[in-house]
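So the structure is just underneath, and the comments pick up after that.
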Amino acid sequence: MTGLIAIHQPNFFPWLGYFEKIRRADALVFLDAVAYPRAGSGGMGSWCNRVRLAVQGEARWVTCPLQHVSLGTPIGAVSIDDAQSWRAKLVRTLEANYGKAPRFDAGMAVLKPLILESESNLASFNIRAIKAIAAHLGLSTRFVLQSTLQYSGKATDLLVSLVKAVDGSAYLSGDGAAGYQRDELFAENGLGLVKLNFVQQAYCEPSRFIPGLSVIDYLMWDGRPLAEAAKGP
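If you read the sequence shown in my numbering, its first letter stands for residue 396, the second for the next number, and so on.
Structure (structure tokens):
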């Protein structure tokens, strides 16, 4: 059996907790076949196309613009709006705000090719970036697309179905699932349930550390493989 399975939408340069989930899981299933989450102005903003960075010392949103997303459109069918020069703008934002960070050059060597990649499909763009950053951080987790699997159900039933589809024995639950996830369904289906319980530790001097930012921030200030970083400074 595959073992411990994580399941998540393919987010845009996600935060460090996302990569801690990858580190602990034996496999991660990317939710590319569920409907694009509609939030923010015009229903176009979500963790799939925006994230926070340290800009002028404060946490601020950076966004990958999208073409129109109709209600119910699968994440895997969403397109990036490259009529806007967001890629070059993001590179300039990193240069202006992280240029003096100790790992800036190493971080940009990883990030700049990913940002400038001409991929127009949002899920493909995000998944390529996540895989590349995971490899850079020393992670060897197996990645699987939901769209390649046989599954059924919604909400917690979908999670159970996907864990079974990859021959998993347990589900690794994120810390935001309380209140909507039916935990009892995993045991009822012969599966274990493991809670991530991720507590983010400062990886730079306290005056500069802002929790919850994109993994980009970590790459600029620390950038060590996560197994090494988990042991402490």
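Positions of the beta carbon are idealized from the N, C-alpha and C atoms, including for glycine.
Less than 8 Å divides the Cβ of Leu448 from the Cβ of Asn492. Under DSSP, the beta-bridge partners assigned to His403 are Phe425.
In the structure shown, the three-state DSSP call for Ser515 is coil. When Ala401, Val457, Leu411, Ser602 are compared, the shortest CA-CA separation from Gln595 is found for Leu411. Contact check for Asp427 against Leu532 fails: the beta carbons are separated by 8 Å or more. Residue state for Ala597 is assigned as coil, using DSSP reduced to three classes.
The stretch 453 to 460 and the stretch 409 to 424 do not touch, with fewer than 3 CB-CB distances between them shorter than 8 Å. Under DSSP, Trp410 takes part in a beta bridge, and its partners are Ser609. Contact between Leu567 and Leu557 does not hold, since the beta-carbon distance rounds to 12 Å and is not under 8 Å. With at least 16 other beta carbons inside 10 angstroms of its own, Ser441 counts as buried. Annotation note: the stretch 485 to 544 contains the following uninterrupted beta strand (DSSP E) runs of length 3 or greater, listed N- to C-terminal: 537 to 540. Gly502 has its alpha-carbon roughly 27 Å from the corresponding atom of Ile470. In this structure, DSSP gives Val457 an extended state, which the three-state scheme calls strand. In the DSSP assignment, Leu448 falls outside any alpha helix (DSSP H) and lies within the beta strand (DSSP E) extending over 445 to 450.
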